[in-house]
Structure formats: structure tokens, C-alpha cells
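**Student:** Take a look at the following structure, please.
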């Protein structure tokens, strides 16, 4: 469980690194403060399938996840579990000039089958 959480945080961090932010903008990216791992679909676990789902989310001014939308997936059966997990995440919101602002980010959710 601890390894899965570390992997999730790693992928979230990598996903946030894709943001087009510059220090000169005075923009601070959102930071995850609570993550929930996705439920691995049983049929894909039995089949030994691994994959990744990239989900676009809007993080509002309060750090809540809004409007999850799958933008890329290696297997459709991973999509809903990824969106369900992300809907339970909580973030420290992005800030611009010290004020909390909403920001859309892409988060990759990894499904590793270690059978």
C-alpha cells in the first residue's frame, strides 16, 4: 500500500511538471494533500494487464477536484476507476500572486499489475 501511494504521488508530481508554469508568472501549482489509489479491475488483474490513464481535472480554488475527463487510456476498463479515485483527492490549490485560483491539470494514474 505504501509503495502504491509513493507511485501515485510520483506520477502526480510528474503530471504537474507538465504544467506550463514559469516563476515570472507568480504562479504556484496545486499540490496533492490527500490521494486515494484506484481500484484495480479484477478482470484486468487476472489477465495480468497493466496500464495508465491520463485524466484532465479542474482543481478549484478550495482544492477540490472538478470535471474529471479521461484524455488518454491504455485500456478502457481503467478509465472509470481512475476517475473515481481522483474525485476523492484533495489539493492545496494553485496560487497566483498569493491568491488561490482554479487550474486544470493532467494527472496520469498508473495501474501496475504485480502478479
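In mature numbering (1 follows the signal peptide of the UniProt record, and there is no 0), the protein residues as written are -23 to -1, 1 to 92.
The beta carbon of each residue, even a glycine, is placed where N, CA and C say it ideally should be.
#1: Residue 30 to residue 91, Cα distance in whole Å?
#2: Are there 16 or more other CB atoms within 10 angstroms of the CB of residue 34, so buried, or fewer, so exposed?
#3: Quick check: the Cα distance between residue 78 and residue 24, rounded to an integer number of angstroms?
#4: In angstroms, rounded to a whole number, what distance separates the CA positions of residue 55 and residue 4?
#5: Suppose contacts are defined by Cβ-Cβ distances below 8 Å. Is residue 40 in contact with residue 6 by that definition?
#6: Enumerate in chain order the residues of its own chain whose CB-to-CB distance from residue 65 is below 7 Å, with the five nearest sequence positions on each side excluded.
#7: Which value, in whole angstroms, describes the spacing of the CA atoms of residue 72 and residue 11?
#8: How big is the Cα-Cα spacing for residue 16 and residue 81?
#9: Which same chain residues end up closer than 7 Å to residue 45 when comparing Cβ atoms and leaving out the 5 residues on each side of it in sequence?
#10: Buried or exposed for residue 48, going by 16 or more other Cβ atoms inside 10 Å?
**Tutor:** Judging by the given coordinates:
#1: Along the chain shown, read from residue 1 onward, the residue named residue 30 stands at position 53. Along the chain shown, read from residue 1 onward, the residue named residue 91 stands at position 114. Looking at the two C-alpha atoms, the distance is approximately 17 Å.
#2: Your numbering for residue 34 matches position 57 in the chain shown. When all chains shown are included, residue 34 counts as buried.
#3: Residue 78 sits at position 101 when you count from the first residue of the chain shown. Residue 24 sits at position 47 when you count from the first residue of the chain shown. Going by the C-alpha atoms only, they are around 42 Å apart.
#4: Residue numbering aside, residue 55 sits at position 78 when the chain shown is read from its first letter. Residue numbering aside, residue 4 sits at position 27 when the chain shown is read from its first letter. Going from the Cα of residue 55 to the Cα of residue 4 covers about 32 Å.
#5: As a working mapping, residue 40 is identified with position 63 in the chain shown. As a working mapping, residue 6 is identified with position 29 in the chain shown. No. Outside cutoff.
#6: What you label residue 65 is simply residue 88 of the chain shown in a count that begins at 1. So the qualifying residues of the chain are 13.
#7: Position 95 of the chain shown, counted from the start, is the residue given in the question as residue 72. Position 34 of the chain shown, counted from the start, is the residue given in the question as residue 11. About 18 Å.
#8: Taking the chain shown and counting its residues from 1, one reaches residue 16 at position 39. Taking the chain shown and counting its residues from 1, one reaches residue 81 at position 104. Cα to Cα, the separation comes out at about 24 Å.
#9: Within the chain shown, residue 45 is the residue found at index 68, counting from 1. Closer than 7 Å at Cβ, skipping near neighbours: 32, 34, 60, 63, 64.
#10: Along the chain shown, one-based indexing puts residue 48 at 71. Exposed.
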